[in-house]
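Each residue of the sequence shown is one higher than the last, beginning at 1 in UniProt numbering.
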Amino acid sequence: QMMKHAWDNYKRYAWGLNELKPISKQGHSSNLFGNIQGATIVDALDTLYIMEMKEEFKEAKEWVEKNLDFNVNAEISVFEVNIRFVGGLLSAYYLSGEEVFRKKAVELGEKLLPAFNTPTGIPWALLNIKSGIGRNWPWASGGSSILAEFGTLHLEFVHLSHLSGNPVFAEKVMNIRKVLNRLDKPEGLYPNYLNPSSGQWGQHHVSIGGLGDSFYEYLLKAWLMSDKTDEDGKKMYYDAVQAIETHLIRKSSGGLMYIAEWKGGLLEHKMGHLTCFAGGMFALGADGAPSDKTGHHIELGAEIARTCHESYDRTRMKLGPEAFRFDGGVEAIATRQNEKYYILRPEVIETYMYMWRLTHDPKYRQWGWEAVEALEKHCRVDGGYSGIRDVYNNHESHDDVQQSFFLSETLKYLYLLFSEDDLLPFEHWVFNTEAHPFPVLRKDDGNKEENQK
Ligand code: DMJ
1 QMMKHAWDNY KRYAWGLNEL KPISKQGHSS NLFGNIQGAT IVDALDTLYI MEMKEEFKEA
61 KEWVEKNLDF NVNAEISVFE VNIRFVGGLL SAYYLSGEEV FRKKAVELGE KLLPAFNTPT
121 GIPWALLNIK SGIGRNWPWA SGGSSILAEF GTLHLEFVHL SHLSGNPVFA EKVMNIRKVL
181 NRLDKPEGLY PNYLNPSSGQ WGQHHVSIGG LGDSFYEYLL KAWLMSDKTD EDGKKMYYDA
241 VQAIETHLIR KSSGGLMYIA EWKGGLLEHK MGHLTCFAGG MFALGADGAP SDKTGHHIEL
301 GAEIARTCHE SYDRTRMKLG PEAFRFDGGV EAIATRQNEK YYILRPEVIE TYMYMWRLTH
361 DPKYRQWGWE AVEALEKHCR VDGGYSGIRD VYNNHESHDD VQQSFFLSET LKYLYLLFSE
421 DDLLPFEHWV FNTEAHPFPV LRKDDGNKEE NQK
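Listed below in structure tokens is the structure:
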């Protein structure tokens, strides 16, 4: 019903545009997608399919066939377009078998290739998909590319090679690995900034939240998606977790475990909402952890889930802030006004879903249900679902955006949390960072090449 409400209103007020403004009941355009249109449609395809919303899936597919157009003069974010559009099209293809999705995914993948035309092959953050000219975010340290952006192409590009028969996609992302492996890493950590021309790190800022997050996720998932043949990805993941544990993970005096940010050796005792995905990641990786560490990785996941639940529980609206702190006498609370917002993000629910699947402790469903009630009470409006400007306030001030990831991730993870484990079982499916499921590429199905490229 939540999906239906979000979808119906998008359809009614913003059909074909990127996102919905649920208060003003009109379209919302984000410059992340340039003038590529239909982000909500492409992001929602697999959720509609999984929820068996057949009519809606059909109309979404027809829109893609007739209207999804990449021949536009647009400067786009390579990362955002990859995780939402390429990812959404790939999973729609794998679930439905409809050729149009495969064709469009490969067509879009080809448009993204000029982003890799840099001296090192580390891609630009922004690309004009007509001219093929790329550049980086003007705010990024020393003209750098961003770890979480160039490190979150791997799963999609491996599948693009698999589905197109063209090895170029996998080669591009394997080269990113090579560049990273050649570099010295401070204390074994990966800084968020890497200059694509010099191949040197920018500022030594390390984060498992924004700017870093899904790089780590994709190391683990690359290994899982390769049917556990990608040994390089595996090693990079477990080595990184070791360094994160030593240098970033701390416990508050009240006993809450958190993942701090690292700035040139100094810790900032702040954890972002985005960082909360790591609970699920640690638990998902527990199985492959060095022999004596499996239980420990599940425990890390459980502790992060508990802390993130506290960050929700300690607000008035029972929805978590964008970032919360462990200093100045507070624990798991946002202290700065510009960190008190909630934009329908999925990461905490994502972690509940992984923890539920991997432990079956009923508290994760209870916590998920608390989030449903809070979303219904504070974010649901006549025209869809909206983010909130201050989750500590008595009254909702809505930000008037229904993010496309609310349909692709937040609602999908909630649905999976309350479904049986055999719906998209983890042995067969790996979720990209926008919650789009990709099948594991079996080593005995002749996929050795992609897996090892
Ligand atoms: C999504 O686009 C993805 O989950 C990404 O990895 C991080 N940001 C949003 C959701 O918060």
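Glycine residues also receive a C-beta, built at the ideal position from the N, C-alpha and C atoms.
Predicted model only: the values in this text are computed from it and were never measured.
With a threshold of 16 other CB atoms inside 10 Å of the CB of residue 432, please say whether the residue is buried or exposed. Its Cβ being crowded by 16 or more others within 10 Å, residue 432 is buried.
Runs of 4 residues minimum, wholly inside the stretch 309-390: which ones carry the alpha helix (DSSP H) assignment? Runs found: 347-359, 363-374.
Residue(s) in a DSSP beta bridge with residue 206: The beta-bridge partner set that DSSP reports for residue 206 consists of 262.
Would the beta-carbon of residue 434 be found less than 6 Å away from any heavy atom of the ligand DMJ? At least one heavy atom of the ligand DMJ lies closer than 6 Å to the C-beta of residue 434.
Return yes when the Cβ of residue 435 is within less than 7 Å of the Cβ of residue 409, no when it is not. Going by C-beta atoms, residue 409 is nearer than 7 Å to residue 435.
DSSP beta-bridge partners for residue 413? Answer by DSSP bridge pairing: none, since residue 413 is not bridged.
Going by the CB atoms, is the gap between residue 144 and residue 193 shorter than 7 Å? Yes, Cβ-Cβ distance for residue 193 and residue 144 is below 7 Å.
Residue 28 by DSSP, collapsed to three states: which one? The answer is strand: DSSP assigns residue 28 an E or B state.
Where does residue 159 land, buried or exposed, given buried means 16+ other C-beta within 10 angstroms? It is buried - the Cβ of residue 159 has at least 16 other Cβ atoms within 10 Å.
Nearest-angstrom Cα distance between residue 64 and residue 254? Residue 64 and residue 254 have their C-alpha atoms roughly 51 Å apart.
Quick check on the burial criterion: 16 or more other C-beta atoms within 10 angstroms. Buried or exposed for residue 366? By the neighbour-count criterion, in which a residue is buried when 16 or more other Cβ atoms sit within 10 angstroms of its Cβ, residue 366 is exposed.
Nearer than 6 Å: is that true of the beta carbon of residue 431 relative to any heavy atom of the ligand DMJ? No - the ligand DMJ has no heavy atom lying nearer than 6 Å to the Cβ of residue 431.
Please give the ranges of any alpha helix (DSSP H) in the stretch 104-140, keeping only runs that are unbroken, at least 4 residues long and fully inside the region. For the stretch 104-140, not a single whole alpha helix (DSSP H) run of length 4 or above is found.
Please report the distance separating the alpha-carbon of residue 417 from that of residue 52. Taking the straight line from one Cα to the other gives about 16 Å.
Residue of 314, 380, 320, 224 minimising C-alpha distance to residue 440: If we check each option's Cα against that of residue 440, 224 comes out closest.
Quick one: does the C-beta of residue 214 sit closer than 6 Å to a heavy atom of the ligand DMJ? Yes, since a heavy atom of the ligand DMJ falls inside the 6 Å radius drawn around the Cβ of residue 214.
Ends of the alpha helix (DSSP H) at residue 88? Element bounds for residue 88: 87-96.
Taking the straight line between their C-alpha atoms, what separation do you get for residue 152 and residue 215? Their backbone Cα atoms lie some 5 Å apart in a straight line.
Confirm, please, whether the CB-CB distance from residue 383 to residue 66 is below 7 Å. No, they are not a contact pair.
Excluding the five sequence neighbours on either side, which residues of its own chain have a C-beta within less than 7 Å of the C-beta of residue 272, listed in chain order? Same-chain partners within the cutoff: 209, 210, 322, 323.
Would you kindly work out how many angstroms separate the C-alpha atoms of residue 453 and residue 313, rounded to a whole number? A caution first: residue 453 carries a pLDDT of 44, below 50, which makes its placement in the model unreliable, though a value can still be read off. Straight across, the Cα-Cα distance linking residue 453 with residue 313 is about 45 Å.
Take residue 197 and list the residues in its own chain whose beta-carbon comes closer than 8 Å to its own, dropping the five residues that flank it on each side. Answer for residue 197: 118, 119, 120, 143, listed in chain order.
What residue range is occupied by the uninterrupted beta strand (DSSP E) comprising residue 75? Per DSSP, residue 75 belongs to the beta strand (DSSP E) from 75-77.
What is the residue span of the alpha helix (DSSP H) that residue 271 lies within? Careful: residue 271 lies outside any alpha helix (DSSP H), inside the beta strand (DSSP E) at 270-272.
Three-state secondary structure (DSSP) of residue 53: DSSP places residue 53 in coil when its eight states are reduced to three.
At a cut-off of 6 Å, is residue 405 close to the ligand DMJ when judged by its beta-carbon and the heavy atoms of the ligand? Residue 405 has its CB nearer than 6 Å to a heavy atom of the ligand DMJ.
Compare the Cα-Cα distances from residue 16 to each of 3, 39, 34 and report the closest residue. 39 is the residue among 3, 39, 34 whose C-alpha sits nearest the C-alpha of residue 16.
Counting pairs of beta carbons, one from the stretch 159-176 and one from the stretch 88-107, are three or more of them closer than 8 Å? They touch, by the three-pair rule.
Cβ neighbour criterion (16 or more within 10 Å) applied to residue 202: With 16 or more Cβ atoms within 10 Å of its Cβ, residue 202 is classed as buried.
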